[in-house]
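Notes to accompany the following structure.
Residue numbers (full-length UniProt numbering): 1 to 376.
Shown next as C-alpha coordinates:
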(Lines of atoms letter the chains of each structure in order from A and count residues from 1; the text may use other names and numbers.)
(Lines give C-alpha, C1' and ligand atoms only; values in the text may rest on other atoms or scores of the structure.)
Protein backbone atom coordinates (compact mmCIF):
# COMPACT_ATOMS: atom_id res chain seq x y z
CA UNK A 1 0.00 0.00 0.00
CA UNK A 2 2.74 2.45 0.96
CA UNK A 3 4.56 1.77 -2.32
CA UNK A 4 1.40 2.61 -4.25
CA UNK A 5 1.01 5.87 -2.32
CA UNK A 6 4.67 6.74 -2.95
CA UNK A 7 4.36 6.10 -6.69
CA UNK A 8 1.21 8.24 -6.88
CA UNK A 9 2.81 11.11 -4.95
CA UNK A 10 6.07 11.11 -6.90
CA UNK A 11 4.31 10.54 -10.22
CA UNK A 12 1.98 13.49 -9.59
CA UNK A 13 4.95 15.63 -8.57
CA UNK A 14 6.80 14.73 -11.77
CA UNK A 15 3.78 15.72 -13.86
CA UNK A 16 3.63 19.04 -12.01
CA UNK A 17 7.33 19.57 -12.71
CA UNK A 18 6.81 18.93 -16.42
CA UNK A 19 3.78 21.22 -16.45
CA UNK A 20 5.77 23.98 -14.73
CA UNK A 21 8.54 23.63 -17.31
CA UNK A 22 6.00 23.88 -20.12
CA UNK A 23 4.46 27.03 -18.64
CA UNK A 24 7.78 28.78 -17.95
CA UNK A 25 9.13 30.89 -20.80
CA UNK A 26 12.88 30.29 -20.88
CA UNK A 27 13.23 33.20 -23.32
CA UNK A 28 11.83 35.69 -20.79
CA UNK A 29 15.00 37.70 -20.15
CA UNK A 30 15.62 41.25 -18.96
CA UNK A 31 19.26 42.15 -19.60
CA UNK A 32 19.27 45.72 -18.31
CA UNK A 33 17.31 48.02 -16.03
CA UNK A 34 17.15 48.27 -12.27
CA UNK A 35 20.26 47.81 -10.14
CA UNK A 36 20.99 44.34 -8.75
CA UNK A 37 23.57 43.52 -6.10
CA UNK A 38 24.56 39.85 -5.79
CA UNK A 39 25.78 38.98 -2.28
CA UNK A 40 28.18 36.08 -1.75
CA UNK A 41 28.88 35.46 1.97
CA UNK A 42 32.02 33.38 2.55
CA UNK A 43 33.52 31.69 5.59
CA UNK A 44 36.74 29.74 5.16
CA UNK A 45 35.87 29.20 1.49
CA UNK A 46 38.82 30.81 -0.24
CA UNK A 47 39.26 27.71 -2.40
CA UNK A 48 35.73 27.71 -3.86
CA UNK A 49 34.43 31.29 -3.89
CA UNK A 50 35.72 31.83 -7.44
CA UNK A 51 32.98 29.52 -8.71
CA UNK A 52 30.12 31.76 -7.71
CA UNK A 53 31.93 35.04 -8.36
CA UNK A 54 33.26 34.17 -11.81
CA UNK A 55 29.94 32.75 -12.96
CA UNK A 56 28.15 35.88 -11.74
CA UNK A 57 30.73 38.11 -13.41
CA UNK A 58 29.80 36.44 -16.70
CA UNK A 59 26.12 37.35 -16.26
CA UNK A 60 24.29 38.81 -19.25
CA UNK A 61 22.55 41.31 -16.95
CA UNK A 62 24.25 44.70 -17.25
CA UNK A 63 23.47 46.65 -14.06
CA UNK A 64 24.92 44.06 -11.69
CA UNK A 65 27.35 44.42 -8.80
CA UNK A 66 28.85 41.39 -7.04
CA UNK A 67 29.78 41.80 -3.38
CA UNK A 68 31.81 39.19 -1.52
CA UNK A 69 31.18 39.34 2.24
CA UNK A 70 34.22 38.15 4.21
CA UNK A 71 34.49 37.39 7.90
CA UNK A 72 37.02 39.77 9.52
CA UNK A 73 39.20 36.93 10.87
CA UNK A 74 39.24 34.95 7.60
CA UNK A 75 42.34 36.38 5.94
CA UNK A 76 42.67 33.73 3.19
CA UNK A 77 39.15 34.55 1.98
CA UNK A 78 39.86 38.28 2.18
CA UNK A 79 42.99 37.86 0.07
CA UNK A 80 41.17 35.73 -2.49
CA UNK A 81 38.29 38.21 -2.62
CA UNK A 82 40.76 41.03 -3.26
CA UNK A 83 42.23 39.07 -6.17
CA UNK A 84 38.79 38.46 -7.67
CA UNK A 85 37.85 42.13 -7.26
CA UNK A 86 41.04 43.11 -9.09
CA UNK A 87 40.27 40.69 -11.93
CA UNK A 88 36.61 41.64 -12.45
CA UNK A 89 35.23 45.17 -12.70
CA UNK A 90 31.83 44.14 -11.32
CA UNK A 91 33.26 42.57 -8.16
CA UNK A 92 33.92 44.18 -4.78
CA UNK A 93 34.42 42.82 -1.29
CA UNK A 94 33.60 43.98 2.22
CA UNK A 95 34.37 42.82 5.74
CA UNK A 96 31.36 41.70 7.73
CA UNK A 97 30.61 44.10 10.60
CA UNK A 98 28.23 41.58 12.19
CA UNK A 99 30.38 38.44 12.24
CA UNK A 100 29.38 35.02 13.47
CA UNK A 101 26.59 33.95 11.12
CA UNK A 102 25.50 33.93 7.51
CA UNK A 103 22.42 35.90 8.49
CA UNK A 104 24.58 38.61 10.05
CA UNK A 105 26.75 38.84 6.94
CA UNK A 106 23.72 39.21 4.68
CA UNK A 107 22.05 41.74 6.98
CA UNK A 108 25.20 43.87 7.08
CA UNK A 109 25.59 43.84 3.30
CA UNK A 110 21.91 44.63 2.71
CA UNK A 111 22.15 47.62 5.05
CA UNK A 112 25.12 48.94 3.09
CA UNK A 113 23.55 48.35 -0.31
CA UNK A 114 21.41 50.81 -2.25
CA UNK A 115 20.50 48.36 -5.03
CA UNK A 116 16.88 47.94 -6.11
CA UNK A 117 17.12 44.15 -5.97
CA UNK A 118 19.20 41.91 -3.70
CA UNK A 119 20.45 38.58 -5.06
CA UNK A 120 22.08 35.95 -2.85
CA UNK A 121 24.33 33.02 -3.66
CA UNK A 122 26.57 30.61 -1.77
CA UNK A 123 30.28 30.59 -2.52
CA UNK A 124 30.23 27.15 -4.15
CA UNK A 125 27.25 27.78 -6.44
CA UNK A 126 27.60 28.20 -10.19
CA UNK A 127 24.90 30.59 -11.46
CA UNK A 128 24.06 30.38 -15.16
CA UNK A 129 24.94 33.55 -17.14
CA UNK A 130 21.23 34.08 -17.92
CA UNK A 131 20.01 33.40 -14.37
CA UNK A 132 19.86 37.05 -13.24
CA UNK A 133 18.20 38.19 -16.48
CA UNK A 134 15.60 35.42 -16.25
CA UNK A 135 14.85 36.19 -12.60
CA UNK A 136 14.56 39.93 -13.27
CA UNK A 137 11.90 39.16 -15.86
CA UNK A 138 9.97 37.28 -13.17
CA UNK A 139 10.29 40.19 -10.73
CA UNK A 140 8.17 42.35 -13.00
CA UNK A 141 5.15 40.56 -11.50
CA UNK A 142 6.48 39.03 -8.26
CA UNK A 143 8.26 40.06 -5.05
CA UNK A 144 10.74 37.18 -4.96
CA UNK A 145 12.29 35.03 -7.70
CA UNK A 146 13.76 31.75 -6.49
CA UNK A 147 15.90 29.89 -9.02
CA UNK A 148 16.24 26.13 -8.70
CA UNK A 149 19.43 24.99 -6.99
CA UNK A 150 20.62 21.40 -7.26
CA UNK A 151 23.66 19.39 -6.14
CA UNK A 152 26.10 18.50 -8.88
CA UNK A 153 26.12 14.68 -9.20
CA UNK A 154 29.81 13.87 -9.58
CA UNK A 155 30.96 10.92 -7.41
CA UNK A 156 28.95 8.16 -5.74
CA UNK A 157 28.01 10.05 -2.54
CA UNK A 158 27.34 13.23 -4.50
CA UNK A 159 25.07 11.38 -6.91
CA UNK A 160 23.25 9.70 -4.04
CA UNK A 161 22.66 13.18 -2.58
CA UNK A 162 21.31 14.32 -5.95
CA UNK A 163 18.79 11.47 -6.22
CA UNK A 164 17.81 11.95 -2.58
CA UNK A 165 17.26 15.64 -3.35
CA UNK A 166 14.93 14.70 -6.21
CA UNK A 167 12.75 12.35 -4.15
CA UNK A 168 12.72 14.06 -0.75
CA UNK A 169 12.98 17.73 -1.61
CA UNK A 170 12.43 18.77 -5.22
CA UNK A 171 9.48 16.61 -6.29
CA UNK A 172 7.56 16.84 -2.96
CA UNK A 173 8.01 20.62 -2.99
CA UNK A 174 6.29 20.79 -6.38
CA UNK A 175 3.29 18.99 -4.87
CA UNK A 176 3.31 21.14 -1.70
CA UNK A 177 3.50 24.26 -3.82
CA UNK A 178 0.50 23.22 -5.88
CA UNK A 179 -1.67 22.01 -2.99
CA UNK A 180 -0.71 24.44 -0.23
CA UNK A 181 0.94 27.35 -2.02
CA UNK A 182 4.15 26.81 -0.06
CA UNK A 183 7.19 28.17 -1.89
CA UNK A 184 10.73 28.26 -0.50
CA UNK A 185 12.55 31.60 -0.39
CA UNK A 186 15.92 30.68 1.07
CA UNK A 187 19.18 32.63 1.16
CA UNK A 188 20.81 31.30 -2.00
CA UNK A 189 20.01 31.41 -5.73
CA UNK A 190 17.27 33.94 -5.00
CA UNK A 191 16.49 37.52 -6.01
CA UNK A 192 14.46 39.66 -3.61
CA UNK A 193 12.95 43.11 -4.00
CA UNK A 194 14.35 45.58 -1.46
CA UNK A 195 10.82 46.37 -0.28
CA UNK A 196 10.53 42.80 1.02
CA UNK A 197 13.08 43.46 3.76
CA UNK A 198 11.20 46.61 4.76
CA UNK A 199 8.05 44.53 5.13
CA UNK A 200 9.25 41.33 6.83
CA UNK A 201 12.53 42.47 8.43
CA UNK A 202 16.06 41.10 8.28
CA UNK A 203 17.32 37.56 8.62
CA UNK A 204 17.28 36.08 12.12
CA UNK A 205 20.93 35.93 13.23
CA UNK A 206 20.08 33.51 16.02
CA UNK A 207 18.33 30.92 13.85
CA UNK A 208 20.15 27.74 12.86
CA UNK A 209 18.40 27.84 9.48
CA UNK A 210 17.73 31.51 8.80
CA UNK A 211 16.35 30.68 5.36
CA UNK A 212 13.43 28.66 6.74
CA UNK A 213 12.57 31.37 9.25
CA UNK A 214 12.64 34.03 6.52
CA UNK A 215 10.49 31.87 4.24
CA UNK A 216 7.84 31.57 6.95
CA UNK A 217 7.72 35.34 7.46
CA UNK A 218 7.39 35.92 3.71
CA UNK A 219 4.39 33.58 3.62
CA UNK A 220 2.83 35.35 6.60
CA UNK A 221 3.16 38.63 4.67
CA UNK A 222 1.48 37.04 1.60
CA UNK A 223 4.40 37.92 -0.66
CA UNK A 224 4.46 36.60 -4.21
CA UNK A 225 7.20 33.98 -4.75
CA UNK A 226 8.06 32.83 -8.28
CA UNK A 227 9.98 29.58 -8.54
CA UNK A 228 12.06 29.29 -11.72
CA UNK A 229 13.25 26.01 -13.22
CA UNK A 230 15.31 27.07 -16.21
CA UNK A 231 18.93 28.24 -15.80
CA UNK A 232 19.36 26.39 -12.48
CA UNK A 233 22.23 26.91 -10.10
CA UNK A 234 24.54 23.97 -9.45
CA UNK A 235 26.17 23.62 -6.04
CA UNK A 236 28.67 21.32 -4.39
CA UNK A 237 27.16 18.24 -2.77
CA UNK A 238 28.45 16.53 0.37
CA UNK A 239 31.51 14.41 -0.49
CA UNK A 240 31.45 12.06 2.53
CA UNK A 241 28.75 10.32 4.57
CA UNK A 242 29.90 12.32 7.59
CA UNK A 243 29.26 15.60 5.77
CA UNK A 244 26.01 14.25 4.35
CA UNK A 245 24.80 13.35 7.84
CA UNK A 246 25.92 16.59 9.51
CA UNK A 247 24.37 18.75 6.82
CA UNK A 248 20.99 17.07 7.15
CA UNK A 249 21.07 17.18 10.94
CA UNK A 250 21.40 20.97 10.66
CA UNK A 251 18.59 21.24 8.11
CA UNK A 252 16.12 19.15 10.09
CA UNK A 253 17.13 20.78 13.39
CA UNK A 254 16.42 24.21 11.96
CA UNK A 255 13.05 23.07 10.64
CA UNK A 256 12.06 21.52 13.98
CA UNK A 257 13.20 24.60 15.91
CA UNK A 258 11.17 26.98 13.76
CA UNK A 259 8.04 24.81 13.96
CA UNK A 260 8.42 24.54 17.74
CA UNK A 261 8.81 28.30 18.08
CA UNK A 262 5.51 28.78 16.27
CA UNK A 263 3.79 26.33 18.64
CA UNK A 264 4.84 28.00 21.89
CA UNK A 265 1.70 30.10 22.09
CA UNK A 266 -1.21 27.62 22.23
CA UNK A 267 -3.64 30.56 22.06
CA UNK A 268 -2.96 30.78 18.31
CA UNK A 269 -4.83 27.56 17.62
CA UNK A 270 -6.84 29.22 14.86
CA UNK A 271 -3.79 30.80 13.23
CA UNK A 272 -2.98 28.99 9.93
CA UNK A 273 0.73 29.38 10.70
CA UNK A 274 0.22 27.55 14.02
CA UNK A 275 -1.68 24.72 12.38
CA UNK A 276 0.79 24.39 9.49
CA UNK A 277 3.70 24.25 11.94
CA UNK A 278 1.91 21.62 14.03
CA UNK A 279 1.18 19.49 10.98
CA UNK A 280 4.72 19.98 9.69
CA UNK A 281 6.28 18.94 12.98
CA UNK A 282 4.10 15.85 13.38
CA UNK A 283 4.47 15.00 9.71
CA UNK A 284 8.26 15.35 9.83
CA UNK A 285 8.56 12.92 12.72
CA UNK A 286 6.09 10.46 11.19
CA UNK A 287 7.91 10.58 7.85
CA UNK A 288 11.22 10.07 9.64
CA UNK A 289 9.96 6.97 11.42
CA UNK A 290 8.60 5.50 8.19
CA UNK A 291 11.73 6.31 6.17
CA UNK A 292 14.05 4.93 8.84
CA UNK A 293 12.70 1.43 8.22
CA UNK A 294 12.67 1.64 4.42
CA UNK A 295 15.10 -1.24 3.90
CA UNK A 296 13.48 -3.62 6.46
CA UNK A 297 10.04 -2.85 5.02
CA UNK A 298 11.23 -3.58 1.50
CA UNK A 299 12.83 -6.87 2.54
CA UNK A 300 9.76 -8.09 4.43
CA UNK A 301 7.37 -6.96 1.71
CA UNK A 302 9.50 -8.57 -1.00
CA UNK A 303 9.42 -11.89 0.84
CA UNK A 304 5.63 -11.81 0.96
CA UNK A 305 4.80 -10.11 -2.36
CA UNK A 306 7.90 -10.01 -4.59
CA UNK A 307 6.03 -9.09 -7.76
CA UNK A 308 4.16 -6.22 -6.14
CA UNK A 309 7.32 -4.81 -4.57
CA UNK A 310 9.17 -5.15 -7.85
CA UNK A 311 6.51 -3.15 -9.66
CA UNK A 312 6.48 -0.49 -6.94
CA UNK A 313 10.26 -0.09 -7.02
CA UNK A 314 10.19 0.00 -10.81
CA UNK A 315 7.68 2.83 -10.61
CA UNK A 316 9.75 4.87 -8.16
CA UNK A 317 13.00 4.24 -10.01
CA UNK A 318 11.28 5.07 -13.29
CA UNK A 319 10.03 8.40 -11.94
CA UNK A 320 13.46 9.20 -10.54
CA UNK A 321 15.31 8.40 -13.75
CA UNK A 322 12.74 10.27 -15.85
CA UNK A 323 13.33 13.35 -13.70
CA UNK A 324 17.07 12.89 -14.18
CA UNK A 325 16.52 12.64 -17.92
CA UNK A 326 14.60 15.92 -17.88
CA UNK A 327 17.43 17.49 -15.89
CA UNK A 328 19.93 16.22 -18.43
CA UNK A 329 18.01 18.16 -21.06
CA UNK A 330 17.06 21.33 -19.17
CA UNK A 331 19.77 21.68 -16.52
CA UNK A 332 22.79 20.22 -18.26
CA UNK A 333 23.45 17.19 -16.05
CA UNK A 334 24.94 14.21 -17.86
CA UNK A 335 24.22 10.50 -17.76
CA UNK A 336 22.50 8.60 -14.97
CA UNK A 337 25.23 6.54 -13.17
CA UNK A 338 24.22 3.82 -10.70
CA UNK A 339 23.71 5.87 -7.54
CA UNK A 340 19.94 5.64 -8.01
CA UNK A 341 20.23 2.05 -6.82
CA UNK A 342 21.21 3.46 -3.41
CA UNK A 343 17.91 5.27 -2.93
CA UNK A 344 16.64 2.81 -0.26
CA UNK A 345 19.88 3.41 1.67
CA UNK A 346 19.57 7.19 1.33
CA UNK A 347 15.93 7.16 2.44
CA UNK A 348 16.70 4.95 5.45
CA UNK A 349 19.59 7.16 6.56
CA UNK A 350 17.53 10.31 6.11
CA UNK A 351 14.78 8.82 8.25
CA UNK A 352 17.31 8.02 10.98
CA UNK A 353 18.51 11.64 10.85
CA UNK A 354 14.97 12.89 11.37
CA UNK A 355 14.30 10.55 14.29
CA UNK A 356 17.61 11.44 15.93
CA UNK A 357 17.01 15.19 15.57
CA UNK A 358 13.43 15.14 16.86
CA UNK A 359 14.26 12.92 19.84
CA UNK A 360 17.39 14.94 20.66
CA UNK A 361 15.42 18.18 20.47
CA UNK A 362 12.69 16.77 22.70
CA UNK A 363 15.22 15.94 25.44
CA UNK A 364 16.96 19.29 25.16
CA UNK A 365 19.93 18.52 22.92
CA UNK A 366 20.04 21.08 20.11
CA UNK A 367 22.26 20.77 17.04
CA UNK A 368 25.03 23.20 16.20
CA UNK A 369 26.12 24.70 12.88
CA UNK A 370 27.82 22.21 10.59
CA UNK A 371 29.97 23.20 7.63
CA UNK A 372 30.73 20.60 4.99
CA UNK A 373 34.12 20.23 3.34
CA UNK A 374 34.26 21.91 -0.06
CA UNK A 375 36.72 21.14 -2.81
CA UNK A 376 38.29 23.78 -5.01
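All residues carry an ideal CB built from backbone N, CA and C; glycine is no exception.
Give the straight-line distance between the Cα atoms of residue i and residue j, rounded to the nearest whole angstrom.
i	j	result
residue 60	residue 88	14 Å
residue 109	residue 5	46 Å
residue 101	residue 77	16 Å
residue 356	residue 12	30 Å
residue 172	residue 287	12 Å
residue 230	residue 330	7 Å
residue 407	residue 199	One cannot answer for residue 407 here, as it falls past the ends of the chain, which runs 1 to 376.
residue 40	residue 296	43 Å
residue 107	residue 332	33 Å
residue 72	residue 319	47 Å
residue 157	residue 313	21 Å
residue 159	residue 334	11 Å
residue 179	residue 42	36 Å
residue 322	residue 18	11 Å
residue 244	residue 140	38 Å
residue 25	residue 359	45 Å
residue 317	residue 340	7 Å
residue 31	residue 113	21 Å
residue 205	residue 98	9 Å
residue 131	residue 250	28 Å
residue 14	residue 169	12 Å
residue 346	residue 212	23 Å
residue 63	residue 117	11 Å
residue 151	residue 161	7 Å
residue 223	residue 215	10 Å
Could you check where the alpha helix (DSSP H) with residue i kicks off and where it finishes?
i	result
residue 110	102-112
residue 217	210-220
residue 312	306-330
residue 10	2-23
residue 54	49-57
Taking only three categories from DSSP, how would you classify residue i?
i	result
residue 123	coil
residue 346	helix
residue 190	strand
residue 199	helix
residue 129	coil
residue 182	coil
residue 64	strand
residue 205	coil
residue 239	coil
residue 84	helix
residue 135	helix
residue 370	For residue 370, the predicted structure reports a pLDDT of 48, less than 50, and the residue's modelled location is therefore unreliable. The matter cannot be settled from this model.
residue 28	coil
residue 294	helix
residue 341	helix
residue 285	helix
residue 363	coil
residue 257	helix
residue 158	helix
residue 89	coil
residue 335	coil
Taking the DSSP output, what are the residues bridged to residue i?
i	result
residue 169	Paired residues: none, contrary to the question.
residue 70	42, 95
residue 140	Answer is none; residue 140 lacks a bridge partner.
residue 37	65, 118
Our contact map puts residue i next to residue j with C-beta atoms below 8 Å; I'd like the distance itself, whole angstroms only.
i	j	result
residue 350	residue 164	7 Å
residue 193	residue 203	The Cβ separation is near 15 Å, so there is no contact.
residue 128	residue 233	7 Å
residue 45	residue 123	4 Å
residue 120	residue 188	6 Å
residue 309	residue 298	6 Å
residue 145	residue 226	5 Å
residue 91	residue 252	About 35 Å separates the two Cβ atoms, so there is no contact after all.
residue 379	residue 176	Past the edges of the chain, shown from 1 to 376, lies residue 379, and the structure says nothing about it.
Can you tell me where the beta strand (DSSP E) holding residue i begins and where it ends?
i	result
residue 147	144-151
residue 227	225-235
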